[in-house]
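Asks:
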Amino acid sequence: MCTDDLPFILIKWPQFCQKLFAGGFLACGVIKNVTLLCPSELWFQRLKPIIPLLVHRIVLGFQDFVFSPLPDPISGKMGERWRKENELSTCGLIEQQSTWAWHAWEGIRGMDANSLMSSNKRQKHHEGEGKNESSIRLGDLPDVILQEIISSLPTKDAVRTSVLSKRWVDQWMDISKIVLEEETLEKRQQFIDFVGKLLVVCNSSRLKSFSLAFEVGEDAPRVNEWLCGFIKSNIEELNLDFERVEKPLVFPDHLFTSESLTKFQLSMQHVINLPSPINFQNLRVMTLKHIIFPDSSPTQHLFSSCPSLEELTLIDCNWTNVRAVCIACPLLRKLIIREWKDDDDDDSVKSDDENEAAGQNVPTHCQIVITGSNLKTFSYDGDLINDYFLYRTTSVTDATVEVHPADSSLHAGYFVFKLLKALSNVEKLSFTDFAAEALCRTPLLMVHLPLFYNLVELRVVSVSPIDFSCDALLAILRNSPVLETIEFVMGVSLPQNGSNNIGLLPTCFITHLKTIKIYGFSGNEGELDAIQYLLQAAPVLDAFYIYSNAYDFDSFAGVNRLSMLYEQIVQFPRASVDCDIDLE
1050 MCTDDLPFIL IKWPQFCQKL FAGGFLACGV IKNVTLLCPS ELWFQRLKPI
1100 IPLLVHRIVL GFQDFVFSPL PDPISGKMGE RWRKENELST CGLIEQQSTW
1150 AWHAWEGIRG MDANSLMSSN KRQKHHEGEG KNESSIRLGD LPDVILQEII
1200 SSLPTKDAVR TSVLSKRWVD QWMDISKIVL EEETLEKRQQ FIDFVGKLLV
1250 VCNSSRLKSF SLAFEVGEDA PRVNEWLCGF IKSNIEELNL DFERVEKPLV
1300 FPDHLFTSES LTKFQLSMQH VINLPSPINF QNLRVMTLKH IIFPDSSPTQ
1350 HLFSSCPSLE ELTLIDCNWT NVRAVCIACP LLRKLIIREW KDDDDDDSVK
1400 SDDENEAAGQ NVPTHCQIVI TGSNLKTFSY DGDLINDYFL YRTTSVTDAT
1450 VEVHPADSSL HAGYFVFKLL KALSNVEKLS FTDFAAEALC RTPLLMVHLP
1500 LFYNLVELRV VSVSPIDFSC DALLAILRNS PVLETIEFVM GVSLPQNGSN
1550 NIGLLPTCFI THLKTIKIYG FSGNEGELDA IQYLLQAAPV LDAFYIYSNA
1600 YDFDSFAGVN RLSMLYEQIV QFPRASVDCD IDLE
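Taking this note's numbering, the leading residue of the sequence shown gets 1050, the next gets one more, and so forth.
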């Protein structure tokens, strides 16, 4: 028996076959290695979306049951054990894959006919049956379809498909997607050797998507070679994640003028060297993590050269070398910013060179201006390291303002006020207890908070139950006339006699508030007082969800206590007779 004819008999799977017969699938459904015989064209098209999973299972099966060590698919050498065992039946493997087959069948049953893909039609007369059936061989499919199937596999498994059939020996070399991720230090050299061989053999000009995660260290020249070899001008998606970058990495110049690149993610704690010609004409999604930007001019040029950008994410980037920059992408719809100080920033003072080398965030207060008439989602989560100014952002409907403790409370209060002022049209807003605390320290600004006429969902994030009588929280609630839902992440509490400090009840509580959600409930007196107050303050409330802290109720006694708390809460007087209380 040759390697092209290894049996992989579908009807050997008892559970799967019972389901097939029950569903009207004839018993002639047989897979021989890469051959799929179906009773109709429709059934082949229904099976086609799971063919990559099937091939993946075949590859993993051969790896586990047929040969060890693996043959070297790049050099084409077959292991001695493979030659001795090439007639080994895979029926045992088939039996062990019955569970996967069952889930595959469930997936087939649920498929929409609109998702079926077209394919070549062939007719074959089966011996002894006297009728024509639709027969499709994977090996007979066009190369472009085979390469699409193989490209959907993990890269190492895609390479292993070369041993499945003579027809598949070279197919993997033209795959359109490569994902390379260094696993452990012990396997570092093995990974380097694999990538080196892959670069030599594969047709990188066909690559549409390339992903590389690697700890660079002293191998910067090698990484530069990989970047130049794998990244061609027709690349569409690029994901690069580098750690311990000690020397500058060199990206091919054509990357920054690529007309095909639509998605770009780069993570490295080092200065990015930007060429003078930059033109990301069709780039739609860009994510930059831990990047140290060069001086103002090239940084501004970068953000001014993305006319099609729709999503921008900036995670812990270092703006030390930049005094001011304007992000004004006309199509930008989503902007995510996170800037956290490193733990040791407050413990020691470092020179500029040391900070640049280590990629540290230092408080330089770069002025970052953001304009976006099409911006829908904005999120800031950080330690107030830089100054942000939002202009023409009335289109934002979903916003997050999460600031953390800062040395200057006045600066923090003004920072939060500026953002909220620019986000007055939001429909969903998330903010932290630290943001509320910062506003409380600037009472003169708090009285000038905008009216949130469209705000329907408010999410309060805190490290412990937030005081409901907090002036800043109440100010936002009073300025949100159509608010329908409030979520208290990590809970809400009310100190003794705290209700006396609340004063005028927010209008939304009387007219619009439908849902309240409390997370992290532990059952203390302050939390119970807050729940009782909220139930009495919302006459149109429909649902009150309370999610307990698992650590406080993870014992038999805890379960009993939770049950007693529920009985206590449902006895609280309610302004809304239709309100349902759910305690989990």
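No residue lacks a Cβ here, since even glycine has one placed at the ideal position from N, Cα and C.
#1: With Y1440 and V1418 assumed to form a contact (beta carbons below 8 Å), what rounded beta-carbon distance in angstroms separates them?
#2: Using a Cβ-Cβ cutoff of less than 7 Å, which residues in the same chain neighbour F1300 once the five nearest sequence positions on both sides are dropped?
#3: Helix, strand or coil for V1541? Go by DSSP, reduced to three states.
#4: Between the alpha carbons of M1222 and E1285, how many angstroms are there, rounded?
#5: Checking the sheet assignment: what are the DSSP bridge partners for R1508?
#6: For N1288, name the three-state secondary structure that DSSP assigns.
#7: Once you ignore the five residues that flank R1132 on each side, which residues in its own chain have a CB closer than 7 Å to its CB?
#8: May I have the straight-line CA-CA distance separating D1430 from Q1318, to the nearest angstrom?
#9: Sort R1527, L1195, D1206 and I1340 by Cα distance to Q1220 and report the nearest one.
#10: Could you tell me the alpha carbon to alpha carbon distance between E1295 and R1271, rounded to whole angstroms?
#11: For my contact list, L1532 and L1523 are in at a C-beta cut-off of 8 Å; report their separation, rounded to the angstrom.
#12: Suppose only complete runs of 3+ residues qualify. What are the beta strand (DSSP E) ranges in the region 1323-1377, listed by chain order?
#13: Check for me: the beta strand (DSSP E) holding E1232 runs from which residue to which?
#14: Of all the options S1282, S1444, C1355 and I1341, which has the alpha carbon lying nearest to the alpha carbon of D1365?
#15: Within this structure, are the beta carbons of N1288 and Q1314 separated by less than 9 Å?
#16: Can you tell me the Cα-Cα spacing of S1353 and S1225, whole angstroms?
#17: Figure out for me which residue from D1631, L1469 and A1487 has the closest Cα to the Cα of L1507.
#18: Kindly indicate which three-state DSSP category T1491 falls into: helix, strand or coil?
#19: Could you tell me which residues DSSP pairs with Y1437 in its beta bridges?
#20: Going along the chain, which residues of its own chain have a beta-carbon closer than 6 Å to the beta-carbon of S1167, five neighbours each way excluded?
#21: Looking at the unbroken alpha helix (DSSP H) that takes in S1200, where does it start and where does it end?
#22: Let me check understanding here. Comparing Cα to Cα, which of S1518, S1473 and V1505 lies closest to H1497?
#23: Any idea which residues DSSP pairs K1226 with across the strands?
#24: What number of angstroms, rounded off, separates the C-alpha of L1310 from the C-alpha of L1562?
#25: What span of residues does the alpha helix (DSSP H) with D1268 cover, start to end?
#26: Apart from the five residues just before and just after I1559, which ones in its own chain have a Cβ nearer than 7 Å to its Cβ?
#27: By how many angstroms is the C-alpha of F1427 removed from the C-alpha of Q1416?
#28: From this set, E1232, Y1596, S1604 and S1548, which residue's C-alpha is nearest D1631's C-alpha?
#29: Buried or exposed for Y1600, please, with buried defined as at least 16 other CB atoms from any protein chain shown within 10 angstroms of its CB.
#30: Going by beta carbon distance, what residues of the same chain come within less than 8 Å of E1231, once the five residues before and after it are set aside?
Replies: Based on what the coordinates show:
#1: 7 Å
#2: L1276
#3: strand
#4: 18 Å
#5: S1479 and E1536
#6: strand
#7: Because the pLDDT at R1132 is just 35, under 50, the model does not fix this residue reliably, and the point stays unresolved.
#8: 19 Å
#9: L1195
#10: 13 Å
#11: With a Cβ gap of about 12 Å, L1532 and L1523 do not count as contacting.
#12: 1334-1338, 1360-1364 and 1373-1376
#13: Neither: E1232 is in no beta strand (DSSP E) and is coded neither H nor E.
#14: I1341
#15: yes
#16: 30 Å
#17: L1469
#18: coil
#19: I1417
#20: For S1167, the predicted structure reports a pLDDT of 38, less than 50, and the residue's modelled location is therefore unreliable. A value from the coordinates is still provided. So the list is empty, once near-sequence residues are dropped.
#21: D1192 to S1200
#22: S1473
#23: S1258
#24: 45 Å
#25: Counting along the chain, D1268 falls outside any alpha helix (DSSP H), and DSSP gives it neither H nor E.
#26: P1588
#27: 17 Å
#28: Y1596
#29: exposed
#30: R1237, F1240, A1262, F1263 and E1264
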